[in-house]
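Residues 0 to 815 in numbering that gives the first Met the number 0 are what the first sequence spells out, letter by letter.
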Amino acid sequence: MPPTPSSSKAKRPLPSPTSNGHRRQHMEVRKKLPVYQFRKEICELVYQNEVVLVVAETGSGKSTQIPQFIYENGKLKNFHKNISSANRKLRLAHTICVTQPRRVAAITVAKRVAEEMGCETGTLVGHRVRFDDSTDIQGRNTSRIIYATDGMLLREATADPLLTRYQCIVLDESHERSLQTDILFGVVKRAMKARTRSKYIDEKNSCSVSEEFEKDKLIQMRMRKKAKELELVPLHVIVMSATLEVETFQSYFPQSKYIKIPGRQFPVQTLFTPDYQEDYIDSALSTALQIHKYEEEGDILIFLPGSEEIENLAGLLRKYLSEESELGRSISSDEKSGEHEIKKRDMVQSIKGMGTDLHSGHGSIVNGVLVCVLYAALPPEQQIFAFQSKPQGCSRKIILSTNIAETSVTLDGIRFVIDSGKCKERDYNSATGMESLTVADVSKAQARQRSGRAGRVSAGMTFRLYPEIAFDTLDETTAPEISRVNLAQVVLQLKGMGIHDPRSFDFLTTPSQQAMLKAFKQLYALEALDDTMELTTYGKEMAKLPLDPTFAHLLLQSPKYECTAEMLTAISMLSAENIFYRPGGSGDSEDSSGLSAKAAAAHKRFTSYEGDIPTMLTVYNCWRKEAIYISSAKGGKKERKRRRMQMEEASRKNSKSSKILHGDWCTRNFISGRALARAHDVRQQLSEICSRETSRNGLGFDVNVSCGDDIVKLLKGASAGLFLQAASRVSNSVEINKSIRKDMQKGITNTGRGRYKTKIGGAEVNLHPTCSLFGRNPPPKCVVYTELLVTKRTYIRGATQIKEEWLAEVAPKFFR
DNA sequence: TAGGGTTTT
0 MPPTPSSSKA KRPLPSPTSN GHRRQHMEVR KKLPVYQFRK EICELVYQNE
50 VVLVVAETGS GKSTQIPQFI YENGKLKNFH KNISSANRKL RLAHTICVTQ
100 PRRVAAITVA KRVAEEMGCE TGTLVGHRVR FDDSTDIQGR NTSRIIYATD
150 GMLLREATAD PLLTRYQCIV LDESHERSLQ TDILFGVVKR AMKARTRSKY
200 IDEKNSCSVS EEFEKDKLIQ MRMRKKAKEL ELVPLHVIVM SATLEVETFQ
250 SYFPQSKYIK IPGRQFPVQT LFTPDYQEDY IDSALSTALQ IHKYEEEGDI
300 LIFLPGSEEI ENLAGLLRKY LSEESELGRS ISSDEKSGEH EIKKRDMVQS
350 IKGMGTDLHS GHGSIVNGVL VCVLYAALPP EQQIFAFQSK PQGCSRKIIL
400 STNIAETSVT LDGIRFVIDS GKCKERDYNS ATGMESLTVA DVSKAQARQR
450 SGRAGRVSAG MTFRLYPEIA FDTLDETTAP EISRVNLAQV VLQLKGMGIH
500 DPRSFDFLTT PSQQAMLKAF KQLYALEALD DTMELTTYGK EMAKLPLDPT
550 FAHLLLQSPK YECTAEMLTA ISMLSAENIF YRPGGSGDSE DSSGLSAKAA
600 AAHKRFTSYE GDIPTMLTVY NCWRKEAIYI SSAKGGKKER KRRRMQMEEA
650 SRKNSKSSKI LHGDWCTRNF ISGRALARAH DVRQQLSEIC SRETSRNGLG
700 FDVNVSCGDD IVKLLKGASA GLFLQAASRV SNSVEINKSI RKDMQKGITN
750 TGRGRYKTKI GGAEVNLHPT CSLFGRNPPP KCVVYTELLV TKRTYIRGAT
800 QIKEEWLAEV APKFFR
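If you want it as structure tokens, here you go:
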């Protein structure tokens, strides 16, 4: 059996659950996993210690097996002998919660474990992710092993900081150091300290003396008292990590014990280039062609930083593969016949039944090689080529991917990895408050992770497009996300949990004080915090919303401007991934350039003169009017089947009307169906929270208040919500006139310029080309925006036109 | 005028 990382467990064909025979079969498979031999040792460690660190490489089976060992061993349950029968009835602290950084992993691993245990998902084993909670279907509290996203457990901790339901928390994939996992570390430690029966050694006690810190100590004492009253059993924590970063975790949990479990990987030979490469695209191209020429079989995975590089290289590969083969053929025939003519023939064949009319370029075979691209912004229909097995007549697959293939998805059959050594990295400058996304060197850990992708099916090879001395200079690990983002939402979240001073929160890696301060300032400006940095009533409302503070404020301002229904839609759409699908590509194939024109034309009908907020409304409203969609957000298999039938029925009924199915509507309009569906789900969740009574932890306002066609109300609402992010056009007349004259000479009539200066901060920014205002002539004098990001230039996105004088009206404290 | 890695509530 090849080693398989956790997230793909459920993809393997499995016998159907429930029968004893099948359970036995599963048992055989389980016994072969490296982790199985350690089951007794693991259980003993967990039983005797409150924190256990498990270091296990890919393919050990840790994610699926360890929670089952703990459950089956049952020793932890013995703690319950000591608790009162009343609490036993409450079923407190019976459950094991395993957190995952990604939704898909939580769902698929839960499914796999349920199959191994011979039950349906949602019974003994369940998953809990946003919009999809299988543990909620058959009455609460049935699941004893819950796989949840770490964000979901974090939300739960807001209402229940003691994590009363759980006896054991397993923090999986800790080495990834995602924002949510990192916060969860502190939250779990807090609950553990309150529930422990032994004295907790607190290494942080001596270093902080702030008043808030004293308040936090008081709260900790109260939590301890409550835990005692509830007779809560001690909380056991298992930290699972794939790489050896034990020291970091051990100094964080000084009382922890640690166990190392071998993984199951085939050996991967690593090759470096002798010198630094000037152009990694060119270098990747020749490496891939050489592998293809000299190596018998095995698929190739190439890691590149972004979609642009990927589409470029894909175009080059297709071109060279067809030409080289032709060239090779003509040279060999040349030797015999002396002919020099290189025949040009169309070598590109479409795979029947796989491609859509739209994007056949992505799934095409060139001389027996399937070149496919993979990045998150690519619609799922386009991504499938990378996952499907090779079609007939195809001997090799070359996949070009971003770091999505590092952790988020698994690809089968990879024997060769080509690593550019580059990735796009998000960073945050707390001095300017600007986020950036730029090409950076990968870390050693990342490079190893990439190499590992070649050793899943058999021994593999990895080709690093940089010299070994360059590898030695790389950072050991990537900086944790918490040190690279705007912390406003983190601070709001911690405040919402009743942590008075987030600066003294027990972080695994404490973010910079400057970044913290910046977040405080932003929240203060939004009036979420008062002069004493205490959460205001308004701040408490903001914390109830699963949104960035900017969007939370935008939504909470909407009732005042009578545009709640509209803002709900706009925020849901803007906080989703890219709604508009723009077929990428180098433009070297006619196919792709024609497609981007088609997409642009399709998008044009949604474009509003006033900018992105009204544009998003138009897309959503058109979709509601023209497409048939039934949400599949909640419910199990049966429920989904029922909904699908409902949708087909609706489609039949609507056959006479102009309504079409969701998928067709999205394809026709070059809209990402997944993003739109998600936006719809987000909208439903937000409006549920908004309309729920305040006594039930809601916000208690009418979500149906609409401004109708009164766009001024909407734009004023946008001004009030986004006043911190306003910018006015740079009107350097000399400069503008010069460029207009130049354009006129070139015959360009569209002389609109989208250059702005932010009202607060005074940064020079540009309208991002994906803004609906991009290209408007003349561009608006003043805009508000939802995002500011530095890539090749400093861009604002989500821009909407406002009137400058409104700012004084909506935020008099800031503008006069 | 010219373009965004990945994730989550």
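We put the CB at the ideal spot given by N, CA and C, even for glycine.
Proximity winner among the options, relative to residue i (alpha-carbon distances)
i	options	result
L678	N620, K110, R667	Note on identity: in this sequence residue 678 is Ala, with Leu being the wrong assignment. That would be N620, whose Cα lies nearest to the Cα of A678.
R483	W805, G20, D181	D181
E380	I670, E803, C42	I670
E244	V54, E405, P548, R23	V54
Y46	H174, A156, I237	I237
F519	E803, L507, G538, F302	G538
L817	S255, R502, Y560	Look at the range of the chain in this structure, 0 to 815, and you will see that residue 817 is not part of it.
E230	A241, T247, A193, R395	A193
Y279	C781, F302, P266	F302
S306	R143, P582, D215	P582
Helix, strand or coil at residue i according to DSSP, with G and I counted as helix
i	result
E609	coil
L369	strand
L787	strand
I688	helix
K259	strand
Q445	helix
H93	coil
F462	strand
E338	Reliability of the predicted coordinates at E338 is poor, the pLDDT of 28 falling under 50, and no value is obtained from them.
E763	strand
N402	coil
A810	coil
L285	The question names Leu, but residue 285 in the sequence shown is Ser. Three-state DSSP puts S285 in a helix.
Q800	strand
V34	helix
M151	helix
M116	coil
S727	strand
V187	helix
For residue j and residue i, the rounded distance between their alpha carbons
i	j	result
I218	T563	37 Å
L234	Y165	7 Å
H21	G797	53 Å
I69	V618	49 Å
I260	G73	22 Å
A105	I299	28 Å
L288	I398	13 Å
V51	M239	8 Å
N19	R29	15 Å
S511	K812	28 Å
L534	E277	52 Å
K61	Q445	21 Å
E692	T536	15 Å
F384	L377	11 Å
Y275	R449	19 Å
V764	E424	20 Å
Y35	G58	12 Å
Whole-Å CB distance - residue i paired with residue j, under 8 Å assumed
i	j	result
S419	P304	7 Å
V861	F722	Within the shown structure, residues of the chain are numbered from 0 to 815, placing residue 861 beyond reach of any answer.
L312	A283	6 Å
F550	I578	Not a contact, Cβ separation roughly 15 Å.
L553	G720	3 Å
L787	E434	7 Å
I795	L766	6 Å
Residue i beta carbon near the ligand FMN (any heavy atom closer than 7 Å)
i	result
M220	The model on display carries no ligand, and the ligand FMN is accordingly not part of it.
- Task: Spell out a yes or no on whether the stretch 447-465 and the stretch 410-418 are touching, meaning 3 or more CB-CB pairs, one atom from each, closer than 8 Å.
- Result: yes
- Item | Given 8 Å, three or more beta-carbon pairs between the stretch 761-772 and the stretch 678-693 | no
- Task: Evaluate the contact criterion for the stretch 254-270 versus the stretch 93-107: three or more CB pairs, one atom per stretch, below 8 Å.
- Result: no
- Item | Contact between the stretch 487-506 and the stretch 181-194 (3+ Cβ pairs under 8 Å) | yes
- Item | Contact the stretch 515-531 vs the stretch 563-577: 3+ CB pairs below 8 Å | no
- Message: With three or more C-beta pairs closer than 8 Å as the rule, is the stretch 112-121 touching the stretch 154-168?
- Response: no
- the stretch 30-49 touching the stretch 146-162, judged by at least three CB pairs closer than 8 Å: no
- Message: Taking contact to mean 3 or more Cβ pairs, one atom from each stretch, closer than 8 Å, check whether the stretch 656-665 and the stretch 704-719 are in contact.
- Response: no
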